[in-house]
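If you're matching positions, the sequence shown starts at 1 in the working numbering and goes up one per residue. In what follows, a structure is listed as structure tokens, so that the remarks can point back to it.
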Amino acid sequence: MKLRNRLSGPEKITIPMVPMINVAFLLLIFFILNLKIVSPEGNFNINLPLDAPSASAAEQNLPDIKVGMVSDRDGNLMRLTLGSKNLGNDDLAFERLNKEILQIIGRPGNPLTKDIEVEIDADYETQYKYVVKAISKCTGQLDPGSNQVARYVEKIKFAPPHKPKA
């Protein structure tokens, strides 16, 4: 058996750094990916009413508006309705729609109209040009004197399309 000579000096021990750096980066990535960002609590911007709502405010609640569009198999408009009221199918039907909505909301820019929602219920085959006309007549009208748009309703939703009744 051969013994080492201990008088030659201490041996230099090398520590491999690459695996230690790899482990450090893996831990860093692990903690970054598991970080849950929490929104600050207690910062609520809530405006509570000062008094109970008055009776006049409850009376001024405006109803939601339902516009119906019935078309034939070719997509041509046969009937335009506002609620249960038939407005016809000619070019003036959309003008009548515009006037009826103006009568419902009272005046353009009414603060209560922000909550009104128009639902357009069109048949499956209805041509897009009729739907676009109905949208434009529900949302407002161009004032010829000042060339500004008078806004009526801002919220429009669509009923699911359905086949016309035979």
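Cβ atoms here follow ideal geometry from the backbone N, Cα and C, with glycine treated the same way. Predicted model, so just to flag it, every value in this text is computed and none were measured.
Residue i vs residue j beta-carbon contact at 9 Å
i	j	result
Ala122	Met69	yes
Lys155	Ile101	no
Ala159	Ile120	yes
Ser71	Glu125	yes
Ile65	Val118	yes
In DSSP terms, what residue i is bridged to
i	result
Ser71	Leu77
Ile65	Val118
Ile101	For Ile101, which the question treats as bridged, DSSP gives no partner whatsoever.
Ala150	Gln141
Arg158	One point to set straight first is that residue 158 is Phe, not Arg, in the sequence displayed. DSSP output for Phe158 lists Ile120 as bridge partner(s).
Leu82	Val67, Lys85
For residue i, the first and last residue of its enclosing beta strand (DSSP E)
i	result
Glu11	Element bounds for Glu11: n/a, residue is neither H nor E.
Asn86	85-88
Residue i versus residue j - alpha carbon distance
i	j	result
Cys138	Asp74	24 Å
Asn76	Gly106	31 Å
Leu27	Thr14	24 Å
Leu82	Phe30	59 Å
Pro16	Ala24	14 Å
Tyr152	Gly140	5 Å
Leu80	Lys157	17 Å
Tyr130	Ala150	21 Å
Val67	Ile37	45 Å
Asn86	Lys114	26 Å
Lys99	Ala93	10 Å
Glu95	Leu33	58 Å
Glu11	Leu35	44 Å
Endpoints, the alpha helix (DSSP H) within which residue i is located
i	result
Val131	128-139
- request: Taking only runs that begin and end inside the region 14-44, name each unbroken alpha helix (DSSP H) of 4 or more residues, in chain order.
  value: Entirely contained in the region 14-44, the alpha helix (DSSP H) runs reaching 4 residues are, in chain order, 18-33.
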